[in-house]
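Engineer:
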Amino acid sequence: MMAGIGAAALSLAACNDQDKMETGTPVAGGQRATAMLMTATGAPVGRATATEVAGGVRFTIDATGMPAGTHGAHVHMIGRCDAPDFASAGGHWNPTQKKHGTMNPQGPHEGDLPNLVIGTDGRGTIGATIPAATWAALMDADGAAMVVHANPDDLMTDPSGNSGGRIACGVFQPA
Numbered sequence: 001m002m003a004g005i006g007a008a009a010l011s012l013a014a015c016n017d018q019d020k021m022e023t024g025t026p027v028a029g030g031q032r033a034t035a036m037l038m039t040a041t042g043a044p045v046g047r048a049t050a051t052e053v054a055g056g057v058r059f060t061i062d063a064t065g066m067p068a069g070t071h072g073a074h075v076h077m078i079g080r081c082d083a084p085d086f087a088s089a090g091g092h093w094n095p096t097q098k099k100h101g102t103m104n105p106q107g108p109h110e111g112d113l114p115n116l117v118i119g120t121d122g123r124g125t126i127g128a129t130i131p132a133a134t135w136a137a138l139m140d141a142d143g144a145a146m147v148v149h150a151n152p153d154d155l156m157t158d159p160s161g162n163s164g165g166r167i168a169c170g171v172f173q174p175a
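Counting in the UniProt record's numbering, the sequence shown runs from 1 upward without gaps.
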């Protein structure tokens with residue numbers, strides 16, 4: 001019986017290692033960009049990163065000093081963050097022309113990320129790899145931005161998951 005359990009554990013470990021090799025492993029010499037997240041008043045509230053990985057692009061957000069609660073977080077298609085509403089960042093990054101949301105059968109946009117949960121201390125982090133996303137599509141001629149919204153993303157409603165106004169924005173700059 002113990003041999004069977006050991007073999008199953010090795011098998012699961014091999015599957016997990018294979019998944020990491022397919023998506024998520026940093027590419028040797030791969031591209032990286034950072035975006036300093038700011039409020040409409042210019043207050044710094046964190047940093048987002050985009051990293052070229054095997055099989056896609058990995059996005060992370062490390063937020064500080066943000067309102068507690070659950071917030072939609074999305075990569076937007078234009079690298080501009082003009083206050084007060086950050087509308088200059090355009091819509092969600094969507095090179096595949098899909099509908100919004102990971103729960104939408106016609107989605108998701110490549111810029112749709114998991115919700116960012118901010119604790120009572122104003123801190124929160126997320127990380128997600130977008131499979132098949134390409135660096136060239138992300139960092140095109142007009143760049144890209146990370147936007148955090150006021151409300152949770154319902155992960156389904158087009159175009160932005162009913163996630164409310166844009167409360168923080170940062171333009172990705174190559175590292």
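For each residue, glycine too, the CB sits at the ideal point set by N, CA and C.
Let's test the definition: count the other Cβ atoms within 10 Å of the Cβ of residue 176 and tell me whether it reaches 16, buried, or not, exposed.
Structural biologist: Residue 176 lies beyond the range of the chain shown here (1 to 175); nothing can be said about it.
Engineer: Within the chosen definition, does the segment 45 to 59 reach the segment 92 to 102 through at least 3 CB pairs nearer than 8 Å?
Structural biologist: no
Engineer: Only counting the same chain, and skipping five residues up and downstream in sequence, which positions put a Cβ closer than 6 Å to that of Gly-124?
Structural biologist: One-based indexing of the sequence shown puts residue 124 at position 124. For Gly-124, where only same-chain residues beyond five positions count, the Cβ hits under 6 Å are Ala-63, Leu-116, Val-117, Ile-118.
Engineer: Which residues in the same chain have their Cβ closer than 6 Å to the Cβ of Asn-162, if we skip the five residues on either side of it in sequence?
Structural biologist: Here the question's residue 162 lines up with position 162 in the sequence shown. Answer for Asn-162: Asp-154, listed in chain order.
Engineer: Ordered along the chain, which non-local residues of its own chain (more than five positions away) have a Cβ less than 7 Å from that of Thr-41?
Structural biologist: Walking along the sequence shown from the start, residue 41 turns up at place 41. Same-chain partners within the cutoff: there are none.
Engineer: Please determine, among Glu-110, Val-27, Ala-50, Ala-28, the residue with the shortest C-alpha to C-alpha distance to Gly-170.
Structural biologist: Taking the first residue of the sequence shown as 1, we reach residue 170 at position 170. The shortest C-alpha separation from Gly-170 is found at Ala-50.
Engineer: For Met-21, which three-state DSSP category applies?
Structural biologist: Within the sequence shown, residue 21 is the residue found at index 21, counting from 1. With a pLDDT of 38 at Met-21, under the threshold of 50, the predicted position of this residue should be treated as unreliable, and no value is reported.
Engineer: Please list, in chain order, all residues of the same chain as Lys-99 whose beta carbon is under 7 Å from its beta carbon, the five residues on each side excluded.
Structural biologist: One-based indexing of the sequence shown puts residue 99 at position 99. Result list for Lys-99: Gln-106, Gly-107, Asp-158, in chain order.
Engineer: Count the other CB atoms within 10 Å of the CB of Val-45; is the residue buried (16 or more) or exposed (fewer)?
Structural biologist: In the sequence shown, counting from the first residue as 1, residue 45 sits at position 45. Val-45 should be labelled buried.
Engineer: Where does Gly-48 fall in DSSP's three states?
Structural biologist: Stepping through the sequence shown from its first residue, residue 48 is reached at position 48. For clarity, residue 48 is Ala in the given sequence; the question names Gly instead. In this structure, Ala-48 counts as strand in the three-state DSSP scheme.
Engineer: Does Ala-63 come out as helix, strand or coil in the three-state DSSP assignment?
Structural biologist: The count along the sequence shown starts at 1 and reaches residue 63 at position 63. Strand.
Engineer: Once DSSP output is grouped into helix, strand and coil, what is the label at Ala-128?
Structural biologist: Here residue 128 is taken as the residue at index 128 of the sequence shown, counted from 1. Looking at Ala-128 - three-state DSSP - the assignment turns out to be strand.
Engineer: Is Asn-151 near His-71, with beta carbons less than 8 Å apart?
Structural biologist: Locating residue 151 in the sequence shown gives position 151, where the first residue counts as 1. Locating residue 71 in the sequence shown gives position 71, where the first residue counts as 1. Contact: yes.
Engineer: Leaving out five residues on either side along the sequence, give the residues of the same chain with a beta carbon under 8 Å from the beta carbon of Pro-84.
Structural biologist: Stepping through the sequence shown from its first residue, residue 84 is reached at position 84. So the list reads Ala-40, once near-sequence residues are dropped.
Engineer: Look up Ala-175 in the DSSP assignment and say whether it is helix, strand or coil.
Structural biologist: As a first step, residue 175 must be located in the sequence shown, where it is residue number 175. Looking at Ala-175 - three-state DSSP - the assignment turns out to be coil, as it is neither helix nor strand.
Engineer: Roughly how many angstroms separate the alpha carbons of Ile-126 and Met-139, rounded to a whole number?
Structural biologist: Looking up residue 126 in the sequence shown gives position 126. Looking up residue 139 in the sequence shown gives position 139. One C-alpha to the other measures close to 21 Å.
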